[in-house]
Each structure stands twice: as structure tokens, then as C-alpha cells.
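First the structure, in the form of C-alpha cells, and then the observations on it.
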Amino acid sequence: MTKQKRNIFFIVNPHSGNKKKTRVVKKINTELDSHIFEPHIIQTETLKELSSTLGTIKKDKNNIVVAVGGDGTINRIVNEIVDTGISFGIIPRGSGNGLARELKIPQTISGAIRVLNQSYSRKIDVIQLNNLFSVNVSGVGFDAIIAKKFSELEHRGFKNYLKITAREITKIKPENYKMLIDGNKLNPEVYLISFANSRQWGNNAYIAPKAKIDDGLIDVVMLHPFPLLPAPMLVAGLFTKTLKNSRYLDTIKAKEIVIQKEGEIFAHIDGEPYTFKNQLKITIHKKKLNILAPKM
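Counting in numbering that gives the first Met the number 0, the sequence shown runs from 0 upward without gaps.
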């Protein structure tokens, strides 16, 4: 008896990253295992269109959804499928590809398709921020400002990210937040607070080198005010996994965080900018998402 093929839906973001998507479609059609999968290529232009498309797909738990894009594309899809039980895959085509790098998914199209062909599924944690979900790293403060500036660029890429960071770091100002971390009160004055499910923002910039993506904990990283002189060393520490040693940085592992601040709270969720009012509650859902990735 012939085994029934699984429908696999490739959601292509035409705007993510800086590489053409036609190569992706060609490689899917030639390199995906046709004995296992029945591929469907879907290009979405709007969130409404994406939600409608996924609403149909997620009715069958045997379906697989693959994000062809970066962390922003991944985030939008995960927010639609997080509690459905269907499997999720990634062909990284973004500018940072933080989650794909964390999961050891190859950055090449062919390599990512090989991972899909292996059909190995693992469960990873999902962070919830109010009514939205995050699978990689989210935060408030300086990195949220960078995320907003970066999202407004016509051409992204790592070089432009560094340019924005170098420009904005000269304007950086600390903010006060009222916080509850697993019931413990804090009132830090910080440049940023990151909520890390994985270790890195993307491009191998490690904000939380000890974070684990399936341990049921959030790494809460707080960057305190620092003089401009050591700023280059702090940036270098992101790429050498040594930022955790800085006296300007604290990391606390937690399951629930509540942030209060009068007025607007500027945040980013997996690199996408958001604004919240007065309060932000962050919790962790352990092993909530099925994802196709290499065996660790």
C-alpha cells in the first residue's frame, strides 16, 4: 500500500531579506522529496491574506507549514498555528535568521530542504507577550527602537543593521520600568530588557548565550547604563558570546514577567516593532511548537 503524501505549504514572504525567491521555488520543486511530500507554494502580501490562508491549512493537523523568510515571517505564521499541533519548518531567507541559526537549520536553500526531507520534528518553547507570541527573542527599550528603524528601511541586511545601531547608540537613554519577575519586585533603570527564548537576535549576535529553547524558562536580559567608551566592547561581546560577563548586564531566568510603565511601552517581538499601553505580561509555554529541525 502506497503511503499517502503529506501536504507541505511553503509560505513565501516576497519582502523579507534581500534575495530573490524564484530560486527557492525552483529548488523546492527539484529537491524536495516527492515520495513524502506534496508541495504547495503560497505567496502572501498581507496579514489578512496570511491569516485566511493558514485558517484553511491548519484544519488538518497532518499538514506542514514552512516559512520562507526571516524571523518576522516566522513570527506571523507561528502566531496563527501555535496551538494547532501541526508541524512547522523554515527556509531562512531573512536578514538575521536568528531562530534558524539557533536550531542549526542551514542558511542555504538546499540545506534547509534536506532538513525538511529528514522529517525530524522536535518541540520548542513559545513566549507569550500579552496576546502575541514569540519564538526567538523579544524585548523593550533600545533594541525595540532599532527594530523599528530597521523595519522602515527599503534595503535591510546586516550592514544596515550595524549602521543604525552605531547611529542610535549615541542617542541612547535609560528608562525606568516597574517589574515583577516570578513575583519579585524590581525597578531597574535600563537601556533594554530582552526576553530570550533562544540565545541570539540573529546574525550570530548572542544576547543570551545560556538560553535554551526548550527548558520552559525565559532568559530576562537587562542592560544597565554604561559610558560610551566601552560600547564597542559590548557590541563585540554579542558576537563572541562574552557579553554575559559585562558588569553592565544582568540575566535572570524566569517563567513570568510583568512590566509596568506609564504610557507607551515600545517593544519588538522577534524583531518586529510593537507598542503596548501601560503593562506587558510575558509568560512561557513549554514545548508548545512542533518544528522540523536537525537532531541536536
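Ideal placement from N, C-alpha and C gives every residue a C-beta, glycine not left out.
Does DSSP put residue i in a helix, a strand or coil?
| i | result |
| --- | --- |
| residue 232 | helix |
| residue 219 | strand |
| residue 301 | Outside the modelled stretch of the chain, which goes from 0 to 295, sits residue 301, for which no answer is possible. |
| residue 44 | coil |
| residue 237 | helix |
| residue 115 | helix |
| residue 297 | A query on residue 297 cannot be resolved here, the shown segment of the chain reaching from 0 to 295 and no further. |
| residue 197 | coil |
| residue 104 | coil |
To the nearest angstrom, how far is the alpha carbon of residue i from that of residue j?
| i | j | result |
| --- | --- | --- |
| residue 61 | residue 91 | 23 Å |
| residue 103 | residue 289 | 15 Å |
| residue 108 | residue 243 | 33 Å |
| residue 158 | residue 235 | 15 Å |
| residue 105 | residue 111 | 5 Å |
| residue 279 | residue 259 | 7 Å |
| residue 97 | residue 199 | 6 Å |
| residue 240 | residue 208 | 6 Å |
| residue 57 | residue 224 | 45 Å |
| residue 174 | residue 8 | 43 Å |
| residue 320 | residue 93 | The requested residue 320 is not part of the displayed model; the chain covers only 0 to 295. |
| residue 245 | residue 28 | 48 Å |
| residue 134 | residue 227 | 32 Å |
| residue 4 | residue 285 | 30 Å |
| residue 233 | residue 39 | 44 Å |
| residue 54 | residue 79 | 8 Å |
Which residues share a DSSP beta bridge with residue i?
| i | result |
| --- | --- |
| residue 273 | 266 |
| residue 254 | For residue 254, which the question treats as bridged, DSSP gives no partner whatsoever. |
| residue 120 | 291 |
| residue 138 | 193 and 267 |
| residue 126 | 133 and 283 |
| residue 249 | 221 |
Contact defined as beta carbons within less than 8 Å: I believe residue i pairs with residue j. What is the distance between those atoms, to the nearest angstrom?
| i | j | result |
| --- | --- | --- |
| residue 180 | residue 251 | 6 Å |
| residue 271 | residue 74 | 6 Å |
| residue 206 | residue 254 | Actually they are not in contact, since the Cβ atoms of residue 206 and residue 254 sit about 19 Å apart, beyond 8 Å. |
Segments assigned beta strand (DSSP E), at least 3 residues, entirely inside the segment 140-193:
177-180 and 183-185
Which runs of the alpha helix (DSSP H), 4 residues or longer, sit entirely within the segment 15-101?
21-30, 46-56, 70-80 and 97-101
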